[in-house]
Structure formats: structure tokens, C-alpha cells
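**Student:**
Residue numbers (our numbering): 6 to 386.
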């Protein structure tokens, strides 16, 4: 039976899942989403689009593009967007919070152990084996999305150019998206406009309010996501505010990378050092809160954008660039992770078993973690 077409983001649409199923799935994704935002995005695409078909590939790419337009962690914003598309405000809150919760709880546990017992070297072995599996999943996700987002030669050119720009020249992704959208708009009509934002400086406040204000500001300024926040945090948290030492800051970043969530979860580490568990909770809520606001603003405008042929053309170009960015990111990630025969072999094997034999990512990830522990114990490179 042919499904009834549904206008995007309209109240009264018939979602493909219940609120409970939505929360359960994003809680699961939050538990296994290791590997950074691109890996999170690939995992969401595999589970929500390909496996469960709750949203279409086109809708997924629209959410991916929207998440790149506004500042914030784009994998978290993508979860919020999908929740909104399926169940409006309630869905966005459930999907976003469920996706963040595992990383928050794990980060709190790591932080508590860190400040009492020191670091955990065994984690390195786990991630030594997990990383190649994550890279394989990213590559497969990019290949799958390529077929949807680049159906003609212009969009294939945009996707390929973006792949090269990200992989070999480290060109800013936001700039590439803007150029891709502009190119497709030029081929169909007038261009687009941009806007700028200004933010006030941090003002002296009691500690908890200072945490709220500072991390609200940080969460509102993260264009590009991920490690973009590191220089900002180091300058303020270490040098100006004195909340952490330089060593503690680096260790906090390392622990953040050991969780399945976005690097922004490092805010929990900082908040815990400043004001205990309550500080961690306040800092985490504050840094992610702007992401919800930006998604709500974005979907409100997208209702109008989807009715505009020019904006549709722009989104086609940006979607193609998004696929290129996913594929392009595999190259620098591979340079850092596939540094020996063992991780390279594990990457190839993971690619084959997921693509050829359709083995689930969670099984591959678990096997990789186990093999990584063994390899580290035996000093296999």
C-alpha cells in the first residue's frame, strides 16, 4: 500500500513511531554513538532512515543541512530535528534529551573517578578497536546518502568537490555549504542572504549563574561543532576564569572523547569541577539549550523555504555538499586512526561485513572493542 504523502513538520502528521519508541531508540543511539558527530550522524542515518524508515533520506538530509546552518552540535540538533518532525515539541525534547543522557551519565561517572582515582588506561584499548569500525560505518553512510543526494552531474560535482575540499584542504564546511547552495541557486535564480550575530561579554555572577550564562553563550557560538569549541573553552575556562588547570582541561577533553556523546559533554566535566553534580547538570543543560531553540527557529523558516523553488535549489546543493563532507571527513580521520596494520585491517574487515553481509554496527563495534583490548595487551600495532 502506498503511504499517504505528509507535509513536513505539520501538526497532525502520522509519525512512524510512538513517543516511547522514539525515546527508546535515541537513548540506545546515545549509548552506542561513539566516534564523534559525523559517526553519530551516520549511525542515526543507518538506524532511523535505512532500518526503521521513520523519516525519508530527503528528510534526513534536510535535518542534516538545518543542523549545519545554525551553531551547535549538529548530531544532537539532528536528533532534535527528527524528534520534532515525528512528534513536534514533545518529540524533539524526548529525542534530544534521550540522545544526550547516556553521555552525560557516563561523563559524570568518569569525572567522579578522575578526581578521586585518576585516569583509566584500559579505555584506550577499547577505542583502539572501535575507531576502525566507526570509520567503516561513516564511509558506508556517505555512500548510501550519495545515491539520494547526487542524482545528476551538477550535484555529483558539488559532492565530489566538497569531499576533496574537506579531505585534503580542510576548507570550512559552512563555507562549502554556502558555496554549494549559492551555485545551485545561481543556476535557478537569485541568491541568498546571510546574517550576523553579536553576543555580550561574560558578566560577574554567582557561580551557578555564571556557569549558566557562560555555557549558554558557548552553545550559541559553536559554528562547525566539535573541536571548534576547544580554543574558546581553553582561553576562558583555564586562562581567564581559572576553573581548571591546563592539565585538567586536557584530561576533561580526553574523557569527553571516551563517551558516546558530542564533545560538548565536556561541559559536564567543567561544571562538576566548579560546583559538583549540580554544576555539571547546569552546565550541560545550558550548553545544549540553544540547540533546541535554533532547531525550532529553523523548522519555522523551513516551512516557507520548502515552498520556494530557489530555496529548494539551494538545499539540493547543500545536501550534496553534506554528503561530500561526510565522505571527506573519512580521510583526515583515517590518517589519525589507521596508523598501523591492525587498525587498517580491522577497518577493511568492518567495511566488508557491514556492506556485504549486513552485520549490524553494534555487533561490529563490540567485536572491535574486544579485539582492540587484545591488541593493546599483546602490543599489536
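Glycine included, C-beta positions come from ideal geometry on N, C-alpha and C.
Closer than 6 Å by C-beta to residue 138: which residues in its own chain qualify, once you throw out the five before and the five after it? Chain order, please.
**Tutor:** Hits under 6 Å: 355, 369, 370 and 373.
**Student:** So, is residue 173 buried or exposed, given that buried needs 16 or more other C-beta atoms within 10 angstroms?
**Tutor:** Exposed is the call here.
**Student:** Examine the Cβ distances between the segment 329 to 342 and the segment 105 to 116 and report whether three or more of them are shorter than 8 Å.
**Tutor:** Touching, no.
**Student:** Apart from the five residues on each side of it in sequence, which residues of its chain come closer than 8 Å, Cβ to Cβ, to residue 224?
**Tutor:** Closer than 8 Å at the Cβ level, and outside the excluded window around residue 224, lie 76, 77, 269, 291, 292, 293, 294, 295 and 296.
**Student:** For residue 197 and residue 314, what's the separation of their Cα atoms in angstroms?
**Tutor:** Model confidence at residue 197 stands at a pLDDT of 39, short of 50, so the residue's coordinates are unreliable and nothing is read from them.
**Student:** Would you kindly check if the distance between the Cβ of residue 90 and the Cβ of residue 24 is under 8 Å?
**Tutor:** Result no, Cβ atoms of residue 24 and residue 90 do not sit closer than 8 Å.
**Student:** Do the CB positions of residue 386 and residue 346 come within less than 8 Å of each other?
**Tutor:** Closer than 8 Å, so yes.
**Student:** Determine whether the beta carbon atoms of residue 221 and residue 154 lie at a separation below 8 Å.
**Tutor:** Going by C-beta atoms, residue 221 is not nearer than 8 Å to residue 154.
**Student:** Ignore the nearest five residues each way along the sequence and tell me which others in residue 349's own chain have a CB closer than 6 Å to its CB.
**Tutor:** Counting only Cβ-Cβ distances below 6 Å, and skipping sequence neighbours, we find 343.
**Student:** Taking 7 Å as the cut-off, does the CB of residue 375 come closer than this to any heavy atom belonging to the ligand HEM?
**Tutor:** Absence of the ligand HEM from the depicted structure is noted, as is the absence of any ligand whatsoever, leaving it without description.
**Student:** Does the Cβ-Cβ distance between residue 32 and residue 303 come in under 8 Å?
**Tutor:** Cβ atoms of residue 32 and residue 303: not closer than 8 Å.
**Student:** Exposed or buried, which one is residue 247 when buried takes at least 16 other CB atoms within 10 Å?
**Tutor:** Residue 247 is exposed by the Cβ-count criterion.
**Student:** Taking the alpha-carbon of residue 333 as reference, which of 47, 376, 285 and 171 has the nearest alpha-carbon?
**Tutor:** Nearest of 47, 376, 285 and 171 to residue 333, Cα basis: 171.
**Student:** Given a cut-off of 8 Å on the beta-carbon distance, is the pair residue 142 and residue 366 in contact?
**Tutor:** Result yes, Cβ atoms of residue 142 and residue 366 sit closer than 8 Å.
**Student:** In angstroms with no decimal places, state the Cα-to-Cα distance between residue 212 and residue 189.
**Tutor:** Whole-angstrom Cα-Cα distance: 48 Å.
**Student:** Going by beta carbon distance, what residues of the same chain come within less than 6 Å of residue 130, once the five residues before and after it are set aside?
**Tutor:** Hits under 6 Å: 377, 378 and 381.
**Student:** Over the uninterrupted alpha helix (DSSP H) stretch that includes residue 220, give me the two end residues.
**Tutor:** 212 to 224 is the extent of the alpha helix (DSSP H) around residue 220.
**Student:** If we call anything under 8 Å between Cβ atoms a contact, is residue 103 one with residue 49?
**Tutor:** Result no, Cβ atoms of residue 103 and residue 49 do not sit closer than 8 Å.
**Student:** Which whole-angstrom value is the C-beta distance of residue 265 and residue 107, which I expect to be below 8 Å?
**Tutor:** That belief holds up - the Cβ atoms of residue 265 and residue 107 are roughly 6 Å apart, short of 8 Å.
**Student:** Could you tell me which whole alpha helix (DSSP H) segments of length 4 or greater appear in the segment 312 to 363?
**Tutor:** With a minimum length of 4 residues, the continuous alpha helix (DSSP H) runs that stay inside the segment 312 to 363 are 314 to 342 and 346 to 360.
**Student:** Measuring only the C-alpha atoms, how far is residue 62 from residue 284?
**Tutor:** About 39 Å.
**Student:** Determine the DSSP secondary structure at residue 60, reduced to helix, strand or coil.
**Tutor:** The answer is coil: DSSP assigns residue 60 none of H, G, I, E or B.
**Student:** For residue 205, which of helix, strand or coil comes out of DSSP?
**Tutor:** Note that residue 205 has pLDDT 37, beneath the 50 cutoff, so the model's placement of it is unreliable and the number below is only indicative. Reduced to three states, the DSSP call for residue 205 is coil.
**Student:** Would residue 325 and residue 187 be called neighbours here (beta carbons separated by less than 8 Å)?
**Tutor:** Contact: no.
**Student:** Grouping DSSP H, G and I as helix and E and B as strand, with all else coil, what is residue 76?
**Tutor:** In this structure, residue 76 counts as coil in the three-state DSSP scheme.
**Student:** Just checking my contact of residue 261 with residue 271 at CB under 8 Å: how many whole Å lie between their CB atoms?
**Tutor:** Yes, they are in contact, since the Cβ atoms of residue 261 and residue 271 sit about 4 Å apart, within 8 Å.
**Student:** Straight-line CA distance for residue 319 to residue 101?
**Tutor:** Rounded to whole angstroms, residue 319 to residue 101 spans 27 Å at the Cα level.
**Student:** Let me confirm a value: residue 180 is counted as buried when at least 16 other C-beta atoms fall within 10 Å, else exposed. Which label applies?
**Tutor:** When all chains shown are included, residue 180 counts as exposed.
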